[in-house]
Each structure stands twice: as structure tokens, then as C-alpha cells.
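Trainee: Right, I'll just put the structure down here and ask away after.
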Amino acid sequence: MPVALDQMAAMQDQDTLRPVSFHQATKVSATDTPTIYEAYIYPDWCFGSVPHGGHLFSIVTKAVRLHCQKNPKTKHLVDSISSNISYLRPTKLGSVQIHVDDLRTSPAFSTYRAALYQEHPPNSGQYTRHCLEAIITQGSVALEQRSKSLTLPPPETSSRSPPPTRDGWGVLELQKTGIPFYRHKPRYQQLFPPNTNLRQQQYEHPIWGPSIRENWFRADENWTPDHLPYLVDLFGPVHMNYAEGSHHWHPTLNISLELKKLPPTDAGWEWLHGRMDLRECRNSRQVLDVVISDEEGEVVALARHVNFLVPMQRYQGAGKTGGKGKGDSKL
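full-length UniProt numbering numbers the first residue of the sequence shown as 1 and each following residue consecutively.
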């Protein structure tokens, strides 16, 4: 989601009290209307003043799960096993509504349409600003594991090997970069491969080059499936590893996410390994694949991002425009 660099710099003077937890920041409540749910976007979980796309994704999946659990026939479908979300307009701080519609319900899999809205005009009480749209399929990974469903052996590729150990991996201390990233960042530890030059703006992978991001991630409240939509959107932008892309922002067109494995206990995962590959960047549209694995090397989630690269100054100008219809589109 877009924000100009000068806007980020202006955030340095903001209060840096300990931010709300992920659980609180993604809390979803039912309303008197059976298909409408409410949530709140906190400033702690923003990039500058713009909500993080993965954070919004997590809120929407929670709303769908709550909706699913209200139906006795589908309340056991607790996992968002397949999701596709499209970002239509920038989202702002404050209250949001999530509208959830049943597309297909069954005991094994149920599919829902979810749309996130904000007030327009502000303080009007009319939630008519359509910010994002998602199609989400609910299932139960635990029930799948207990069934006699077909499982084939994985292909023999290097990507199936266990992730590297964390020995010698470096920690990026964001407070030393001079850019006020998300205020919740102190809650997370992000490790980079050995010999990564963290003093440069471009954190090129020391082995695989500029088109790969690879990190170990740890959260102080442990990772759960609820965190995964946020986690797959937590990597640094790959295109900024290239000089020609370093002055471009990357609004998200859509993200697809598949859940492959549950944590071994309700406590979640302490560490998760992530790898992002730039599959293609052509005509300013890039495709990124993400694999999230646990410490045993088993795949936890797969994701694909589609982003559009736009010069930074375009957003600096867009943020200053006013009037009806201006600044409404992310692209």
C-alpha cells in the first residue's frame, strides 16, 4: 500500500508506546446484521499512515471464520485453506466493516465472498467505500489429516530441502535505519542470511542474488494460522534490490494464500522460515512467490503476490491532491 517517503519521515515524531497485540489489532465483532462484521485499524499496524495489506488480509480471514462458525453445519471449518484478496482502494485508519456472503456451504469446504468497506464521507456512518474484495474457502486441516485422502510424494527439488539453520544470521535493527517503519516492529525479530550487507538500502541475498528474499521470523506472541496472511506480506520489497526499481513503490493488486499445515500445538510456531522469489517483472507488473516453512522444513503456507510498480513521486503527488475522485485509485 502506498505512502510517500517524506510522509514516513514525518511519522518519526509519533508516540511510540508499546503497540496493541496482533490479536487485539485483528479483533472482529459481529453486528446486528448477520452478514456484517466490524473491526478497527490501529496506527500501530501501518506503514507510515497506511494500513499494512497483510494486516487487512488477516482481519478479513478472521471475519470469514467468525461468519462460518455461526452456522452449526460449518462451525468446524476453522481454517482458511485457500484465499485470494484484491486491493481496490487505499484503506485508512479507523473503523471498517466486513460484509461476508455465502457462495457455497458444505460439510467439507465452504466458500465465501468478503468485502471490506470504510465510511464515506468520513464520519457519515455510511460504509460505502469499497476497499478490498476476497474469495475465501474454509476447511479443516485437522480433519484432512485424519482422513484417508490421497497424498503423493513431493518432487525432488532443492526447494524441498530443510531451511538453513539460524547460525550466523544477522538481525536488522529497524530503529537504526532512520525510517519509522511499523510501530509494532519491535514485536518481531527478522533474521537475514550470513554475509548480507544490512548497511545498504538493497539487501541482496548473498547466495541467490537480488531476486530472492529469505528470512527467519519470530514473534513475541508466536505465529498462528491467523498471522499467516500478515506474514506472507512482511518481506522487504524485492524490486528495491535493483537500482532501477529503488525509487518505485509497489501497491498490491492481489495476494493468493494456501494453508498447508497447522502448528504442532495451540501455542503456535516460535520460528518460521520464509522465502520470496521474484518470478517475473514485466511492464511494471511483478509476480512474487512465497513459501513459509517450519523448522522441520515442512511447508506451512504458499502465497503469490501480484504488484504494480509505480514511481514514488506519483504517490507524493497523489497524496496532495483533493477533490472528488482524486487519489481514489491505488494505481
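From the three backbone atoms N, C-alpha and C, an ideal C-beta is built for every residue, glycine too.
#1: For His248, collect the residues of the same chain with a Cβ closer than 7 Å to its Cβ; drop the 5 residues on either side in sequence, then sort them by chain order.
#2: Could you check where the beta strand (DSSP E) with Arg274 kicks off and where it finishes?
#3: How long is the line joining the alpha carbons of Ser95 and Asn71, rounded to whole angstroms?
#4: For Glu119, name the three-state secondary structure that DSSP assigns.
#5: DSSP three-state label for Tyr188, please.
#6: Hey, would you say Trp271 sits closer than 8 Å to Arg218, going by beta carbons?
#7: Which of the three DSSP states, helix, strand or coil, is assigned to Tyr230?
#8: Roughly how many angstroms lie between the CA atoms of Ala243 and Trp216, to the nearest whole one?
#9: Of all the options Asn195, Ser21, Gln190, which has the alpha carbon lying nearest to the alpha carbon of Arg275?
#10: Looking at C-alpha atoms only, which residue of Ser110, Leu93, Gly53 is the closest neighbour of Tyr87?
#11: Hey, quick one: how far does the beta strand (DSSP E) through Leu257 stretch, first residue to last?
#12: Run through DSSP, which three-state label would Phe235 get?
#13: Counting only the same chain and skipping the five closest in sequence on each side, list residues whose C-beta sits under 7 Å from that of Gly178.
#14: Can you round the beta-carbon distance between Thr74 and Thr105 to whole angstroms, since I take them to be within the 8 Å contact cut?
#15: State buried or exposed for Arg285, treating a residue as buried only when at least 16 other CB atoms are found within 10 Å of its CB.
#16: Pull up the distance between the alpha-carbon of Pro19 and that of Pro43, whole angstroms please.
#17: Distance, Cα to Cα, Gln69 vs Thr128?
#18: From this set, Tyr188, Val50, Tyr40, which residue's C-alpha is nearest Ala63's C-alpha?
#19: For a minimum of 3 consecutive residues, which ranges assigned as the beta strand (DSSP E) are wholly contained in the segment 74 to 153?
#20: Would you mind stating whether residue 352 and Thr91 have Cβ atoms separated by less than 8 Å?
#21: Given Ser158, which residues of its chain have a CB within under 8 Å of its CB, disregarding the five upstream and five downstream residues?
#22: DSSP state of Gly53, grouped into three classes?
#23: Closer than 7 Å by C-beta to Gly245: which residues in its own chain qualify, once you throw out the five before and the five after it? Chain order, please.
#24: Let me confirm a value: Gln24 is counted as buried when at least 16 other C-beta atoms fall within 10 Å, else exposed. Which label applies?
#25: From the DSSP output, in three-state form, read off Gly170 for me.
#26: Out of curiosity, what's the CA-to-CA distance linking Ile85 and Val78?
#27: State the DSSP-derived secondary structure class of Trp45, mapped to helix, strand or coil.
Mentor: Looking at the atomic coordinates:
#1: Here the question's residue 248 lines up with position 248 in the sequence shown. So the list reads His239, Leu309, Val310, Pro311, Met312, once near-sequence residues are dropped.
#2: Looking up residue 274 in the sequence shown gives position 274. Just to set this straight, residue 274 is Gly in the shown sequence, not Arg. First-last of the beta strand (DSSP E) with Gly274: 269 to 282.
#3: Position 95 of the sequence shown, counted from the first residue, corresponds to residue 95. Position 71 of the sequence shown, counted from the first residue, corresponds to residue 71. Their backbone Cα atoms lie some 26 Å apart in a straight line.
#4: Translated into positions along the sequence shown, residue 119 becomes position 119. Glu119: strand per DSSP, three-state reduction.
#5: If you number the sequence shown from 1, residue 188 lands on position 188. Reduced to three states, the DSSP call for Tyr188 is strand.
#6: Residue mapping note: residue 271 aligns to position 271 of the sequence shown, counting from 1. Residue mapping note: residue 218 aligns to position 218 of the sequence shown, counting from 1. Yes, Cβ-Cβ distance for Trp271 and Arg218 is below 8 Å.
#7: If you number the sequence shown from 1, residue 230 lands on position 230. In this structure, Tyr230 counts as helix in the three-state DSSP scheme.
#8: For this step, residue 243 is matched to residue 243 along the sequence shown. For this step, residue 216 is matched to residue 216 along the sequence shown. Going by the C-alpha atoms only, they are around 25 Å apart.
#9: Here residue 275 refers to the residue found at position 275 of the sequence shown. Checked all of Asn195, Ser21, Gln190; the closest Cα to Arg275 is Gln190.
#10: The count along the sequence shown starts at 1 and reaches residue 87 at position 87. Nearest option by C-alpha distance: Gly53.
#11: Mapped onto the sequence shown, residue 257 falls at position 257. Counting along the chain, the beta strand (DSSP E) containing Leu257 begins and ends at 252 to 259.
#12: Here residue 235 corresponds to residue number 235 of the sequence shown, with the count starting at 1. Coil, per DSSP.
#13: The residue you call residue 178 lines up with position 178 of the sequence shown. Confidence in Gly178 is poor, its pLDDT being 46 and thus under 50, which makes the residue's placement unreliable; the coordinate value appears in the next sentence. Correct list: empty, nothing qualifies.
#14: For the purposes of this step, residue 74 is identified with residue 74 of the sequence shown, where counting begins at 1. For the purposes of this step, residue 105 is identified with residue 105 of the sequence shown, where counting begins at 1. With a Cβ gap of about 5 Å, Thr74 and Thr105 count as contacting.
#15: Walking along the sequence shown from the start, residue 285 turns up at place 285. It is exposed - the Cβ of Arg285 has fewer than 16 other Cβ atoms within 10 Å.
#16: In the sequence shown, the residue the question calls residue 19 occupies position 19. In the sequence shown, the residue the question calls residue 43 occupies position 43. Pro19 and Pro43: Cα-Cα distance of roughly 9 Å.
#17: The residue you call residue 69 lines up with position 69 of the sequence shown. The residue you call residue 128 lines up with position 128 of the sequence shown. If I take the Cα positions, the gap works out to 26 Å.
#18: Residue numbering aside, residue 63 sits at position 63 when the sequence shown is read from its first letter. Nearest C-alpha to Ala63: Tyr40.
#19: 79 to 87, 94 to 104, 110 to 119, 127 to 139
#20: The requested residue 352 does not occur in the structure, where the chain is confined to residues 1 to 331.
#21: Stepping through the sequence shown from its first residue, residue 158 is reached at position 158. Any reading at Ser158 must be qualified, since the residue scores a pLDDT of 43, below 50, and its modelled position is unreliable; the value itself is stated next. Excluding sequence neighbours, Ser158 sits near nothing in its chain.
#22: Taking the sequence shown and counting its residues from 1, one reaches residue 53 at position 53. Correct three-state label for Gly53: helix.
#23: Position 245 of the sequence shown holds residue 245. His239, Leu309.
#24: Numbered from its first residue, the sequence shown carries residue 24 at position 24. It is exposed - the Cβ of Gln24 has fewer than 16 other Cβ atoms within 10 Å.
#25: In the sequence shown, the residue the question calls residue 170 occupies position 170. Gly170 falls in the strand class under three-state DSSP.
#26: Counting from 1 along the sequence shown, the entry for residue 85 is found at position 85. Counting from 1 along the sequence shown, the entry for residue 78 is found at position 78. Their Cα atoms are separated by approximately 19 Å.
#27: Counting from 1 along the sequence shown, the entry for residue 45 is found at position 45. In this structure, Trp45 counts as helix in the three-state DSSP scheme.
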